[in-house]
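K.L.:
What follows is a single structure, and I will ask about it in a moment.
2 protein chains.
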Amino acid sequence: MTTADSLFSDSVPIAVDAMGGDHGPVETVAGAVQAARGGARVLLAGNPDLVEAELDRHDVRGLDVRVVPSRGVVGEQERPVRAFAAKPDASILVATRLVKEGEARAVVSMGSTGASIAAATMLLGTFNGIERGALGGPIIGCAPRTVVIDLGTSVDARPRQLADFAALGTVMARVILEVENPRVAVLSVGAEEGKGNRLVKETTAILKASGLNFVGNLEASDLPLGGAEVVVCDGFVGNVMIKLTEALGAALARDVRERLGRQGEELAERIYDLTNRIEAYGGGPLLGVRGAVIVGHGRSRAASIAKAIHTARMMVERRFVEKAEAEVARLRAAIGTESA
Amino acid sequence: MTTADSLFSDSVPIAVDAMGGDHGPVETVAGAVQAARGGARVLLAGNPDLVEAELDRHDVRGLDVRVVPSRGVVGEQERPVRAFAAKPDASILVATRLVKEGEARAVVSMGSTGASIAAATMLLGTFNGIERGALGGPIIGCAPRTVVIDLGTSVDARPRQLADFAALGTVMARVILEVENPRVAVLSVGAEEGKGNRLVKETTAILKASGLNFVGNLEASDLPLGGAEVVVCDGFVGNVMIKLTEALGAALARDVRERLGRQGEELAERIYDLTNRIEAYGGGPLLGVRGAVIVGHGRSRAASIAKAIHTARMMVERRFVEKAEAEVARLRAAIGTESA
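Order-wise, the sequence lines are chains V and P. Counting from 48, one number per residue, gives the positions in the first sequence under this note's numbering. Counting from 48, one number per residue, gives the positions in the second sequence under this note's numbering.
Here it is in structure tokens:
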């Protein structure tokens, strides 16, 4: 047990969707074992035969890793609600139900993002006035303490939703990234007030009255420079940004490899790592739901999955969900309405 | 005169806003001289004393470079229309007027983008049914034949505007980038039809009836892979993408320099160049206006400005504006309406 890990009390385990992701259950089980070696207690929701077979490949003596049987997996291309009806004991549902029933204190999944969000929304519920969870986090390694939110759960977001993102991002920056007084900016096409689209202008008016540390517009050109700790945007724009960042980094890393060969390997890896943060960190919290949920990157391998479990433990230990719900309630009071 | 340049007939010169950009008139004049050595005829609109002084620093014997006096410059932060009223002979107005009056066949400016667009819209006019010019072009060196449009002139764009962008981008890909049958895609958050925001869905319905080579949605992750030759998006999103790409490339290039020192210089330059295309090419055409207009990057230096002048000559020689206007008219007929 490392010093950092000894901070966790771990009275209740973390549930992991062992079947989710591009490399489940091989990498999810390996990641869970790694996390357990760091002191985590893990419940693996999955096909018992497959998961036990993977566990057999590791030395798990003395580790608290148990299997909870599930049947079926929700694929990336499936519509979650329809899939849930057909597979009521799918791994993501079993894992999320463990949290609902108090058997686990957080759920971690590398599987379908849509399914993770739908399961959390349905089984755990959202904060008062919030329709659906938001995804946010640092997307560029050069700005490791800048939370970009929303990364794709709400396209066609309304100004009040962006205000919610600002509150949720503020709590994430404060609690997870340990920034004392996070600066909140709205992503726009110019730094001056008044530059932007309708959404930016209407959001600006709300954020000014929000009691948050609102600093105005931020251009995408200032994003890698860490111009603010919370940058809010519509989920369409955030999703485009994270996918562009990831793909651009991957393309540049490929280019470095092609030109420098093995000599360029370390540099290529660094470029990839700086631009593929969610993959590196395994995933980020789903914000706005009544439970600790980590939505991971499908491509994640064992080390990243172990990091995601670590983040989940940290979220619980620091009472992230409670603080976020309180902050959203405070925001609602400040901007003078109870609902979106 | 190079072989490529000898393709141009150059009966009428190109107008250059000599005062615009971060480095005008030093670099604009140097760029014009370079272009003239390649066979271009150039009219430099600017403060005669300053421009003549710069010209004196070059050997211009036998070159067709002349000065057309202007008074004042429109700055990046000024509101164009107000600035035009105060400075009726500002360099961008003088340069654009030369095109209107048939003294020049194209205008090139590295100055305020807003002022270039406003001057072109006001003096040259836009195509039937188009309210304002659009900016588009390749933004990532890994996908050199992919035109992303719009890059920022129209935030809050409507579906019909995106259809116009598709037609304009198609002509740009065909005429400037020499792609025979450009694939047109709409930028979205998922590759499957039905994924996206309202704008994407409504644009999809129009593009299906457009007669263009429409291939559906394209995710930002496929952008560096050249998944289509024309990618349409709202100007807010396009502006975010180009600024993020430029800044990310600059940050990664900086990182390479810091880690590898002089050894990394060539690689750092390559990364910067792959991600800062508009700066490398000096600028791109303003699409949808009745005249050949190149809107440049403020940071451009002489070599890029010479390239921008070269692009302007190519636009004229290949009858770009006429072809674009015809394509937009054809689109309007296909989608069954005359106006936006």
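All C-beta atoms in this analysis are idealised placements derived from N, C-alpha and C, irrespective of residue type, glycine included. In this text the structure is predicted, and so the values were computed from the model without any measurement.
Is V:D64 helix, strand or coil by DSSP?
P.N.:
In this structure, V:D64 counts as strand in the three-state DSSP scheme.
K.L.:
Here's a check: name, in chain order, each residue in its chain whose Cβ is nearer than 7 Å to the Cβ of V:A275, leaving out the five neighbours to either side.
P.N.:
The residues are T193, R230, V231, A232, V262, L265.
K.L.:
Within 10 angstroms of its Cβ, does V:D269 collect 16 or more other Cβ (buried), or is it exposed?
P.N.:
Per the 10 Å Cβ criterion, buried.
K.L.:
What does a CB cutoff of less than 6 Å around V:Y328 pick up in its chain, not counting 5 residues either side in sequence?
P.N.:
K354, listed in sequence order.
K.L.:
Give the single residue among V:A376, V:G273, V:G71 whose Cα lies nearest to the Cα of V:E99.
P.N.:
When only C-alpha atoms are compared, the closest one is V:G71.
K.L.:
For the stretch 162 to 248 of chain V, list the alpha helix (DSSP H) runs that are entirely contained and at least 4 residues long, ordered along the chain.
P.N.:
Correct list: 206 to 222.
K.L.:
On the CB-based measure, 16 or more other CB atoms within 10 Å of its CB, does V:S56 come out buried or exposed?
P.N.:
With fewer than 16 other Cβ atoms within 10 Å, it is exposed.
K.L.:
Within the 8 Å Cβ cut-off, does V:I318 reach chain P?
P.N.:
Answer yes: the Cβ-Cβ gap between V:I318 and chain P drops below 8 Å somewhere.
K.L.:
Reducing DSSP to helix, strand and coil, say where P:E266 ends up.
P.N.:
Residue state, collapsed to three classes: strand.
K.L.:
Please compile the residues from chain V whose C-beta is within a distance smaller than 8 Å of the C-beta of P:V128.
P.N.:
By Cβ distance, chain V contributes nothing, its closest Cβ being about 15 Å from P:V128, past 8 Å.
K.L.:
What does V:M288 touch in chain P if you count any residue whose Cβ is under 7 Å from its own?
P.N.:
What V:M288 touches in chain P: V287, L291.
K.L.:
For P:V76, report the span of its beta strand (DSSP E) as first-last.
P.N.:
Counting along the chain, P:V76 falls outside any beta strand (DSSP E), though it belongs to the alpha helix (DSSP H) covering 73 to 84.
K.L.:
By Cβ distance below 7 Å, which residues in the same chain neighbour P:T50 in space, the five residues on each side in sequence not counted?
P.N.:
Caution applies to P:T50, whose pLDDT of 42 falls short of 50 and renders its modelled position unreliable; the model cannot decide the point.
K.L.:
How would you write the range of the beta strand (DSSP E) that V:L333 sits in, first residue to last?
P.N.:
Where V:L333 is concerned, the enclosing beta strand (DSSP E) stretches over 330 to 334.
K.L.:
Quick one, are the C-beta atoms of P:I325 and P:T75 less than 8 Å apart?
P.N.:
No, they are not a contact pair.
K.L.:
Would you list the one or two residues that DSSP bridges to P:R301?
P.N.:
Paired residue(s): none; P:R301 is not in a bridge.
K.L.:
Decide if V:D302 is buried, meaning its Cβ has at least 16 other Cβ atoms within 10 Å, or exposed.
P.N.:
Per the 10 Å Cβ criterion, buried.
K.L.:
Counting only Cβ pairs nearer than 7 Å, list the residues of chain V close to P:S268.
P.N.:
Under the 7 Å cutoff, chain V gives K290, E293, A294.
K.L.:
Can you find at least 3 beta carbon pairs, one from the stretch 164 to 171 of chain V and one from the stretch 131 to 148 of chain V, that sit closer than 8 Å?
P.N.:
Yes, the stretch 164 to 171 of chain V touches the stretch 131 to 148 of chain V.
K.L.:
Report the rounded CA-to-CA distance for V:V195 versus P:Q81, giving the unit in angstroms.
P.N.:
Each residue's Cα considered, the two are about 44 Å apart.
K.L.:
Where does V:I382 fall in DSSP's three states?
P.N.:
DSSP places V:I382 in coil when its eight states are reduced to three.
K.L.:
Quick one, which of P:G68, P:A165, P:R337 has its alpha-carbon nearest P:G122's?
P.N.:
Nearest of P:G68, P:A165, P:R337 to P:G122, Cα basis: P:G68.
K.L.:
Below 8 Å on the Cβ atoms is my contact criterion, and I expect V:D197 with V:A181 to pass it. Report the Cβ-Cβ distance as a whole number of Å.
P.N.:
Yes, they are in contact, since the Cβ atoms of V:D197 and V:A181 sit about 4 Å apart, within 8 Å.
K.L.:
Let me know if V:E293 comes out buried or exposed under the rule of 16 or more other beta-carbons within 10 Å of its beta-carbon.
P.N.:
So V:E293 counts as buried.
K.L.:
At the level of alpha carbons, what is the spacing between V:S58 and V:R245?
P.N.:
Distance between the alpha carbons of V:S58 and V:R245 is about 48 Å.
K.L.:
Contact check, V:V89 vs V:P60 under 8 Å by CB: the rounded distance?
P.N.:
Right, their Cβ atoms sit about 6 Å apart.
K.L.:
Give the single residue among V:K147, V:S163, V:D106, V:R104 whose Cα lies nearest to the Cα of V:A130.
P.N.:
V:A130 has its Cα closest to that of V:S163, out of V:K147, V:S163, V:D106, V:R104.
K.L.:
8 Å is my cut-off, CB to CB: does V:L102 come that close to chain P?
P.N.:
By this cut-off, V:L102 is not an interface position.
K.L.:
Roughly how many whole angstroms lie between the Cα atoms of P:T217 and V:R337?
P.N.:
Rounded to the nearest angstrom, the two C-alpha atoms are 48 Å apart.
K.L.:
Output the distance between the C-alpha atoms of V:Q208 and V:K370, rounded to the nearest integer angstrom.
P.N.:
Near 18 Å, if we compare the C-alpha coordinates of V:K370 and V:Q208.
K.L.:
Spatial neighbours of V:T173 within its chain, please: CB distance less than 8 Å, with the 5 preceding and 5 following residues excluded, ordered by chain position.
P.N.:
Cβ neighbours of V:T173 beyond the five flanking positions: R179, G180, G335, V336, R337.
K.L.:
For a contact meaning CB atoms closer than 7 Å, what does P:L333 contact in chain V?
P.N.:
The contacting residues do not exist; P:L333 stays about 17 Å from chain V at best.
K.L.:
Which word fits V:D111, buried or exposed, when buried means at least 16 other C-beta atoms lie within 10 angstroms of its C-beta?
P.N.:
Label assigned to V:D111: exposed.
K.L.:
Who does P:R113 pair with in a DSSP beta bridge?
P.N.:
According to DSSP, which records beta bridges pairwise, P:R113 is partnered with P:L90.
K.L.:
Which same chain residues, not among the five before or five after P:S238, have their C-beta less than 8 Å away from its C-beta?
P.N.:
Correcting the residue type first, residue 238 of chain P is Ala in the shown sequence and not Ser. So the qualifying residues of the chain are G263, N264, L265, E266, D269.
K.L.:
When the distance is taken between beta carbons, is V:L321 closer than 8 Å to V:G188?
P.N.:
Yes, they are a contact pair.
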